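Data block below; observations after.
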Amino acid sequence: TQLLEQSPQFLSIQEGENLTVYCNSSSVFSSLQWYRQEPGEGPVLLVTVVTGGEVKKLKRLTFQFGDARKDSSLHITAAQPGDTGLYLCAGAETSGSRLTFGEGTQLTVNP
Amino acid sequence: DTAVSQTPKYLVTQMGNDKSIKCEQNLGHDTMYWYKQDSKKFLKIMFSYNNKELIINETVPNRFSPKSPDKAHLNLHINSLELGDSAVYFCASSQVRGGSPLHFGNGTRLTVT
């Protein structure tokens, strides 16, 4: 099983600040997905990145897949309280057998 | 018209009991999963079924037994519950097997006392 390390584990910021969450591995993934989970609910897919170097934007969220397809980042601009939640990255193993999840980043945006 | 629904939402039971969690998806997906999320929020795969066939069976105690009567349903039966089984269990589905994006249910919080 390929491993994914996510950082930081916890992040508490004020509304309006910017932040970046990182997802790193020593292994290559065929694609990488980002999910957000809110309390009492299951994770919900935000985006999938497939190509090395790919950048995708979802309103104030920017997702990047590393050139070597070993790492990814999520950048949030001007964070809002509604962005509060657990952010999970998940890599699709090159063997094609499964997704491996990172440990998650618990983001709290204070008004 | 919930896509992936699992019941019950909460399950409180005593050690040694047997319990089941049910899951159904109406997305027409081929593959279904059970994940366990521990107190540190780490999501770990337990089982995966593709068209009713078991394709992933992680190192899970054999007290846990999945059953897939058809490709829209994947249930999880747990025998002789232990304190360490307390966690949130998520059912998920994906269009195809492998690294396809997952659609999760809202979880079942199991508490063993």
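Top to bottom, those sequences are chains A and B. Quick note on our numbering: the first sequence kicks off at 1 and runs consecutively. Quick note on our numbering: the second sequence kicks off at 1001 and runs consecutively. By construction, the Cβ of each residue, glycine as well, lies at the ideal position given by its N, Cα and C atoms. Since the structure is predicted, the reported quantities are computational estimates derived from the model, not experimental observations.
Check: A:T105, buried or exposed, once every other Cβ within 10 Å from all chains shown has been counted against 16; Outcome: buried
Check: Limits of the beta strand (DSSP E) - the one that A:F65 falls within; Outcome: L61 to F65
Check: Rounded C-alpha distance that separates A:L107 from A:Y87; Outcome: 7 angstroms
Check: Which of helix, strand or coil DSSP assigns to B:P1066; Outcome: strand
Check: Range of the contiguous beta strand (DSSP E) that encloses A:D71; Outcome: D71 to I76
Check: Any non-hydrogen atom of the ligand FMN within 7 angstroms of A:G85 CB; Outcome: Absence of the ligand FMN is noted for the structure shown, with no ligands found whatsoever.
Check: Beta carbon proximity, B:G1028 to chain A, threshold 8 angstroms; Outcome: no
Check: Nearest neighbour of B:H1114, chosen from B:C1023, B:R1097 and B:G1107 [CA to CA]; Outcome: The requested residue 1114 of chain B is not part of the displayed model; chain B covers only 1001 to 1113.
Check: Proximal residues to B:V1088 (C-beta, below 6 angstroms), its chain only, five neighbours per side dropped; Outcome: Q1037, G1107 and R1109
Check: Continuous beta strand (DSSP E) stretch holding B:K1044: start and end; Outcome: L1043 to N1050
Check: Backbone secondary structure at A:G91 - three-state DSSP; Outcome: strand
Check: Touching by the beta-carbon criterion (3+ pairs, under 8 angstroms), the segment 9–18 of chain A and the segment 62–74 of chain A; Outcome: no
Check: Under 8 angstroms between C-beta atoms of B:F1042 and A:P43; Outcome: no
Check: CB-CB length for B:N1057 against B:K1071, believed under 8 angstroms; Outcome: That belief does not hold up - the Cβ atoms of B:N1057 and B:K1071 are roughly 18 angstroms apart, past 8 angstroms.
Check: Min CB distance B:N1106 to chain A below 8 angstroms; Outcome: yes
Check: Cα-Cα separation, A:L45 to A:N110; Outcome: 24 angstroms
Check: Chain B contact for A:F65 (CB, 8 angstroms cutoff); Outcome: no
Check: Distance between beta carbons of B:S1093 and B:Q1006, contact taken as under 8 angstroms; Outcome: With a Cβ gap of about 11 angstroms, B:Q1006 and B:S1093 do not count as contacting.
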